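Residue numbers (our numbering): 153 to 384. Glycine included, C-beta positions come from ideal geometry on N, C-alpha and C. Being a predicted model, the structure only gives us computed values, none of them experimental. This report refers to the structure that appears directly beneath it.
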């Protein structure tokens, strides 16, 4: 099935005919095709050793909800299969992940091994803050002020900030509670690095705040903070 997604022109004709007539295989193919589509045009490389085992282990620890189902996508499943039985989301997702991991090892896709990245200078941590939700003590990540080559970089790694509409912005609030400066927007996966003048932290701007901001063009703080912690 993975081969049918990764190298359709090289797949045996009897496999293609079977998928066209088998509703369960058509659903699995739809899930596989979605995984490949999400990868985009990036070159595929063999999965690291142990990935398949970890996928299987994680899947086995999650019992499938009885009503968690997925239907074939109209754009990728033959019309004859759309009336077939519904397949659980966990089964289709597991099939997609494991089959693609296996498919990447069949030799159909060959690309050079990527060069190892240059190691980054970890710098020296001069201050750190545990980020928590404002309405509880729930962990929301960590922020570290790192000194590298006489510069201070605030490295923020947040989690579970919710899915409210808008974007997540990082602020430094002065300990006097009346002044603040915006540092920038968190990137995907709610992580980011921000250059901070050393004097700013020394002047008391030590409270790291993450807000959710509507896309309304207003540069001021929305007043809705998702996480906060003080550098110490």
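Looking at the DSSP output, residue 282 sits in a beta bridge with 294.
In the structure shown, residue 368 falls within a coil segment according to DSSP collapsed to helix, strand and coil. Listed as beta-bridge partners of residue 361 by DSSP are 323 and 380.
By the Cβ-count criterion, residue 180 is buried, with 16 or more other Cβ atoms from all chains shown falling within 10 Å of its own Cβ. Residue 384 counts as exposed, since fewer than 16 other C-beta atoms from the protein chains shown sit within 10 angstroms of its C-beta. Proximity of the segment 339 to 356 to the segment 298 to 311 meets the contact definition, three or more beta-carbon pairs being nearer than 8 Å. DSSP links residue 345 through a beta bridge to 307.
Under DSSP, the beta-bridge partners assigned to residue 300 are 303. When the beta-carbon positions are compared, residue 361 and residue 374 stay at least 8 Å from each other. Taking every protein chain shown into account, the CB of residue 171 has 16 or more other CB atoms within 10 angstroms, so this residue is buried. Per DSSP, residue 159 lies in no alpha helix (DSSP H) and is assigned neither H nor E. Bounds of the alpha helix (DSSP H) holding residue 352 are 350 to 354. Contact annotation, residue 286 with residue 380: C-beta distance approximately 6 Å; criterion of less than 8 Å satisfied.
Contact between residue 292 and residue 280 does not hold, since their C-beta atoms are separated by about 14 Å, which reaches or exceeds 8 Å. A direct Cα-to-Cα measurement between residue 184 and residue 153 gives close to 8 Å. Under DSSP, residue 337 shares a beta bridge with 321. With fewer than 16 other Cβ atoms inside 10 Å of its own Cβ, residue 337 counts as exposed. In the three-state DSSP reduction, residue 165 falls in the helix class (H, G or I).
When DSSP states are grouped into helix, strand and coil, residue 175 belongs to the helix group. As the crow flies, the alpha-carbon of residue 300 is around 29 Å from that of residue 371.
The three-state secondary structure of residue 185, taken from DSSP, is helix.
Spatial neighbours of residue 355 in its own chain (CB-CB distance under 8 Å, excluding positions within 5 residues in sequence) are listed in chain order as 326.
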